[in-house]
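Only one structure is covered here, and it is reproduced in the block below.
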């Protein structure tokens, strides 16, 4: 029931944002990904399942984005070993690709805040299923290798509020 209500809220917010037209756009929290990823490792079955669920939820109203599992990621969410090196973890990465939705997300206003909150709730719904230091991130590309992150969660909840 909660997922259905969230889906209806997300759909209505996208419709409302479309009706409101274009607002002046500002950037939220842009970041350059500083992580190393080894694509040769296989994602865990749990993270594959989470990725499929996130993709289904994200794309329920059309093709909005794509979801993948990045393995062997070393970033600021990685656990630190005693020798100071980091332990790799996996990231369920949802990349929003719909240009119209990205334009709406970049706008200002209460409607946009509600749209972003709906997107964050998708990550909230599946983050308790994560293991270890694995994370879920939902973002969109600003420039080549520069992303604006909307949601970043680990198993304990939101890292980005």
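In mature numbering (1 follows the signal peptide of the UniProt record, and there is no 0), the protein residues as written are -19 to -1, 1 to 142. Virtual Cβ for every residue (Gly too), placed ideally from N, Cα, C.
By the three-class DSSP mapping on this structure, what secondary structure does residue i have?
i	result
residue 49	strand
residue 60	coil
residue 77	strand
residue 138	strand
residue 2	Here residue 2 scores only 48 on pLDDT, less than 50, and its place in the model should not be relied on; the value that follows carries that caveat. Of the three classes helix, strand and coil, the one that applies to residue 2 here is coil, per DSSP.
residue 89	coil
residue 117	strand
residue 94	helix
residue 23	coil
Suppose the cutoff is 7 angstroms on Cβ atoms and the five residues either side in sequence are ignored; what does the same chain contact list for residue i look like?
i	result
residue 27	110, 112
residue 34	107
residue 4	Because residue 4 carries a pLDDT of 43, less than 50, the predicted location of this residue cannot be relied on, and the following value inherits that uncertainty. Result list for residue 4: 88, 89, 90, in chain order.
residue 62	68
residue 83	77, 121
residue 104	117, 119, 132, 134
I think residue i touches residue j, with their Cβ atoms under 8 angstroms apart; what is that distance to the nearest whole Å?
i	j	result
residue 138	residue 108	6 angstroms
residue 101	residue 131	7 angstroms
Taking the alpha helix (DSSP H) that residue i falls in, what are its first and last residues?
i	result
residue 111	Note, residue 111: premise wrong, no alpha helix (DSSP H); not H, not E.
residue 40	From DSSP, residue 40 is part of no alpha helix (DSSP H); its letter is neither H nor E.
- Query: How do the segment 38 to 56 and the segment 68 to 78 stand: do at least 3 beta-carbon pairs fall below 8 angstroms, yes or no?
  - Reply: Verdict: yes, contact present.
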